[in-house]
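Reviewing the structure listed below.
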Amino acid sequence: MNIFKIIEDIEKVDPEVYNRLDSRRSAFKNLGSLTKKTALAAIPLALGSVFQKAYGQSTNTIVEVLNFALKLEYLERNFYTQGLAASGLIPAGAARTAIQKIQQHEAAHVTLLRTTIQNLNGTPISEPTFNFGKNFPDWNTNYQTFLTLAQAFEDTGVRAYKGQAANLINNDAVLTAALQIHSVEARHAAHIRRMRNNPAWIIGDGANSNVPAPAQPVYAGEGNVSQGGINDIKTLGTGYSAAIATAAFDEPLTKEQVAQIVSLFE
Amino acid sequence: MKKLQDKPTDKEVSISNKLEVPMQRRMFMRYAGATAAVTTLLFTTACDDDDDETDPTAVDLGSGDTGILNYAYALEQLEAAFYTEVVAKSMGIFTQAEQQIMQDIKGHESIHRDFLKAALGSAAIPNLEVNFSSINFNDKNSILTTARTFEDLGVAAYNGAGKFLESAGFLTLAGKIVSVEARHAAVIRDLITNGTFSDSADANGLDPAMMPADVLAAAAPFIKTKISANNLPK
Numbered sequence: 122m123n124i125f126k127i128i129e130d131i132e133k134v135d136p137e138v139y140n141r142l143d144s145r146r147s148a149f150k151n152l153g154s155l156t157k158k159t160a161l162a163a164i165p166l167a168l169g170s171v172f173q174k175a176y177g178q179s180t181n182t183i184v185e186v187l188n189f190a191l192k193l194e195y196l197e198r199n200f201y202t203q204g205l206a207a208s209g210l211i212p213a214g215a216a217r218t219a220i221q222k223i224q225q226h227e228a229a230h231v232t233l234l235r236t237t238i239q240n241l242n243g244t245p246i247s248e249p250t251f252n253f254g255k256n257f258p259d260w261n262t263n264y265q266t267f268l269t270l271a272q273a274f275e276d277t278g279v280r281a282y283k284g285q286a287a288n289l290i291n292n293d294a295v296l297t298a299a300l301q302i303h304s305v306e307a308r309h310a311a312h313i314r315r316m317r318n319n320p321a322w323i324i325g326d327g328a329n330s331n332v333p334a335p336a337q338p339v340y341a342g343e344g345n346v347s348q349g350g351i352n353d354i355k356t357l358g359t360g361y362s363a364a365i366a367t368a369a370f371d372e373p374l375t376k377e378q379v380a381q382i383v384s385l386f387e
Numbered sequence: 275m276k277k278l279q280d281k282p283t284d285k286e287v288s289i290s291n292k293l294e295v296p297m298q299r300r301m302f303m304r305y306a307g308a309t310a311a312v313t314t315l316l317f318t319t320a321c322d323d324d325d326d327e328t329d330p331t332a333v334d335l336g337s338g339d340t341g342i343l344n345y346a347y348a349l350e351q352l353e354a355a356f357y358t359e360v361v362a363k364s365m366g367i368f369t370q371a372e373q374q375i376m377q378d379i380k381g382h383e384s385i386h387r388d389f390l391k392a393a394l395g396s397a398a399i400p401n402l403e404v405n406f407s408s409i410n411f412n413d414k415n416s417i418l419t420t421a422r423t424f425e426d427l428g429v430a431a432y433n434g435a436g437k438f439l440e441s442a443g444f445l446t447l448a449g450k451i452v453s454v455e456a457r458h459a460a461v462i463r464d465l466i467t468n469g470t471f472s473d474s475a476d477a478n479g480l481d482p483a484m485m486p487a488d489v490l491a492a493a494a495p496f497i498k499t500k501i502s503a504n505n506l507p508k
């Protein structure tokens, strides 16, 4: 058998096969250095994975997910940039330093997502116009309102990336980058929550998240205690309160749920 | 979602599952010839054993998604054991607010551990023996720096292992856990130096993603039980 012959055959009907397999290219290079015996054993497994991952999911889906993430990152970047520019809003010192740091991360995420979309031959969406004052008119004059929205955006970001991870399962590089952004959003969320004297983790449907009614959808479903086929994880041991069980797992949001939240600011 | 023990473990079964990947019909017809060739190839060689050398005394994490979940289970065992010790021995050196944080994190890590054990069922690795001899449980700095190591390592481990999971359901579950680990990491970092919550990120605003071998090497000084990751997906 000859793995390279198989790929050549595919190339006759799909000239892009090498692009599709691009992220796997190093794996193919490595095959050349294996002993014959090892190679025979390893190749079928490698191949199954390569073809599943390269053809199982279209690049369109991945670009759509990335553009969805890009919209959220635009929103966050815009929000922090405007907040930092609003005179007298964010106190000097630790608070301002933290917001600046977060703003820089969101800006880096925008750049990274745009580049990744372009590398996948997609078109990054252009930055939408946001209206943060639509439901929260004092967002840039009242520091507490600003922090409330910051918390809502960070927790939404965490839940939004989580909801899309499965849609990226067939592109290792993009999935990993999305996970690497996801955990940074969670770090931001933890810090902002504590700036508001909230616990860093989400307990229940937002009971401890201290947000006004219009922002409640940010925490919808966080009271879930059913995980991975186990109906109530509180029963897994003694002393597991609902607070522990719900805070230990962050829940995903669907694209539609996220769109509903974003629409509060459009 | 089905529990892990219901997942096929036989190599041929899991390989044939791989071939049932959803594919557009047009695409499928174009590839039918090549796919047939690959199928033959898979079934003629799938029975070969791999040649990895293993330490017979080491706990083997296993292969596929089971292996990755056992890997997560090992790390959660380590974290849960650590915070259990902190709550048992060290509460006196923390403020009331910090005590609450330690108790919360102990609860989260313990329920992560118990959840993964339950999900893995009979495929779960045994309880690991930990080694905390290098930690001074009477010293706040020693506890917090160890906690930071564990939390940042946990985040990097989940971030790096996500791509190895074949099941979308398990990937989402891992995602539900990793962001809580990141919240822990941020708080612990802030307790050491306020404002350092996300200093783990690089210039692109990305947290680290580490491979299992590197993570286990970093965790090894704290785990007496030998662990083999030889059969994990690579």
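Just so you know, the protein sequences line up as chains A and B, in that order. Going from the first sequence to this note's numbering is simple: count from 1 and add 121. Going from the second sequence to this note's numbering is simple: count from 1 and add 274. Quick reminder that beta carbons are idealized off the backbone N, C-alpha and C, glycines included.
Per DSSP, reduced to three states, the secondary structure at residue 295 of chain A is helical. Contacts with chain A (Cβ-Cβ distance below 7 Å) from the segment 478-489 of chain B involve 478, 479, 480, 481 and 483, listed in chain order. A Cβ-Cβ separation of about 19 Å leaves residue 452 of chain B out of contact with residue 347 of chain A under the 8 Å criterion. The C-beta distance from residue 323 of chain A to residue 276 of chain A rounds to 7 Å, short enough to meet the 8 Å contact threshold. In the three-state DSSP reduction, residue 497 of chain B falls in the strand class (E or B). Residue-level contact by beta carbon fails for residue 353 of chain A and chain B, as no gap is shorter than 7 Å. By the criterion of a C-beta distance shorter than 8 Å, residue 347 of chain B is surrounded in its chain by 387, 390, 391, 394, 398 and 399, once the five residues flanking it on both sides are discounted. Contacts with chain A (Cβ-Cβ distance below 9 Å) from the segment 463-476 of chain B involve 463, 464, 468, 469, 471, 472, 473, 474, 475 and 476, listed in chain order. Considered as a whole, the segment 277-345 of chain A harbours no complete run of any beta strand (DSSP E) with no fewer than 3 residues. Scanning chain B for C-beta atoms nearer than 7 Å to the C-beta of residue 293 of chain A yields 437, reported in chain order.
With fewer than three CB-CB distances shorter than 8 Å, the segment 461-476 of chain B does not count as touching the segment 356-364 of chain B.
Rounded to whole angstroms, the separation of the alpha carbons of residue 487 of chain B and residue 298 of chain A is 20 Å.
With contacts defined by Cβ atoms closer than 7 Å, residue 278 of chain A and residue 248 of chain A do not form a contacting pair.
Contact note: residue 361 of chain A reaches chain B through 381, 384, 385 and 388, using a C-beta cutoff of 9 Å and chain order. Here residue 367 of chain B really is in contact with residue 412 of chain B; their C-beta atoms are around 7 Å apart, less than 8 Å.
A contact is defined here as three or more CB-CB pairs under 8 Å, and the segment 420-428 of chain B fails this definition with respect to the segment 338-354 of chain A. Under the three-state reduction of DSSP output, residue 399 of chain B falls in the coil class, being neither helix nor strand. Look at residue 433 of chain B: its C-beta is under 7 Å from a C-beta on chain A. The beta carbons of residue 314 of chain A and residue 272 of chain A sit closer together than 7 Å. Residue 288 of chain A and residue 281 of chain A have their C-alpha atoms roughly 12 Å apart. For residue 404 of chain B, no alpha helix (DSSP H) run applies, since DSSP gives it neither H nor E. Residue 414 of chain B and residue 188 of chain A have their C-alpha atoms some 44 Å from each other.
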